[in-house]
Amino acid sequence: MKLAIITGGSKGLGAALVDLWKRHGYRIVEFSRTGATKDSVQCDFQDYHQSATIVSTTMKQLSDTEYSEVVLINNVGAILPIGPIGDFSIEDYQKSIHVNFLSTIMVSGVFTKYFQQHRCNKTIIYISSGAAIRPKYGWSLYCGAKAGLDQFFRTYALEQSPQKYPIRAVTCNPGVIDTDMQETIRNTPEELFPEKARFIGLKNNNELRSPEHVAAEIYQRCLNSTEDYVEV
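When we follow the numbering used here, the leftmost residue of the sequence shown carries the number 146, and every step to the right adds one.
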């Protein structure tokens, strides 16, 4: 049996990843706030302590089974809030950091705790962003989290290298995708995000790729490559 664990799998790229991995014969477990299928585990990553309990309990149960392959895809993320950092509340900081940074570290750490000694092929795929390397006005929280996680997974790979049964870590930059996140960006006031017109142009000029196309590229490139950083 093959297992795929996916965060943020209820819509957009996450839903496309769920559908594709399922078609390739994987048992699916997806963590999200709005997921409502038999594969879904409802989990609000804005609530760090509650989500950590849910993830830990589920991972422990999953690890009791032997698999031929296990894949964890860290896809959860949120672009909001957008604007200058001084405009945000303490609660805004907490929610953004919990969703975009701490949740991925927590899920990866719990996954490692319970699956490290499994002898099958194990891969963590982290869905990064160009925002990790290119700053955007109004995206300080999002850019900071993505950049931090890029370095986290470089370090994670280093720590895995001496393990008897290592877990491979792949960071994936998926490019611009036609999702709800892009719609949110286009609807943001220009004074909060001066590059708004460029993102409207991406939509109007059909330069946004479909989630299904990007999911297929991720499947092909991230599972069948020895690279630790992939742009699709």
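Every residue, glycine too, gets a C-beta built ideally from N, C-alpha and C.
Status (buried if at least 16 other CB within 10 Å, exposed otherwise) for residue i
i	result
K309	exposed
L303	exposed
S370	exposed
I278	exposed
Residue i in three-state terms, based on DSSP
i	result
S208	coil
C317	strand
K147	strand
E376	strand
I322	strand
T371	coil
Enclosing alpha helix (DSSP H) for residue i [first to last residue]
i	result
L294	S285 to Q305
E352	Where E352 is concerned, there is no enclosing alpha helix (DSSP H), given that its DSSP letter is neither H nor E.
D164	G157 to R168
For residue i: DSSP bridge partner residues
i	result
Q327	Q327 is not bridged to any residue.
I235	In DSSP, I235 forms no bridge with anything.
Limits of the unbroken beta strand (DSSP E) element including residue i
i	result
E175	Y171 to S177
K341	Segment K341 to N349 is the alpha helix (DSSP H) holding K341; no beta strand (DSSP E) there.
T268	N266 to I272
S248	Looking at the DSSP string, S248 is not in any beta strand (DSSP E); the run it does join, the alpha helix (DSSP H), is S248 to F260.
S185	S185 to Q187
L217	E214 to N219
The stretch 223 to 237 contacting the stretch 159 to 167, beta-carbon criterion three pairs below 8 Å = Not touching, per the Cβ criterion.
Pair every Cβ in the stretch 185 to 194 with every Cβ in the stretch 334 to 342, then say whether three or more of these pairs are closer than 8 Å.
-> The stretch 185 to 194, when compared against the stretch 334 to 342, does not touch it at the 8 Å Cβ threshold.
Could you tell me whether the stretch 320 to 329 touches the stretch 287 to 298, using the rule of 3 or more Cβ pairs below 8 Å?
-> Taking 8 Å as the limit for Cβ pairs, the verdict is that the stretch 287 to 298 does not touch the stretch 320 to 329.
The stretch 172 to 180 touching the stretch 146 to 160, judged by at least three CB pairs closer than 8 Å = At 8 Å Cβ cutoff, the stretches touch.
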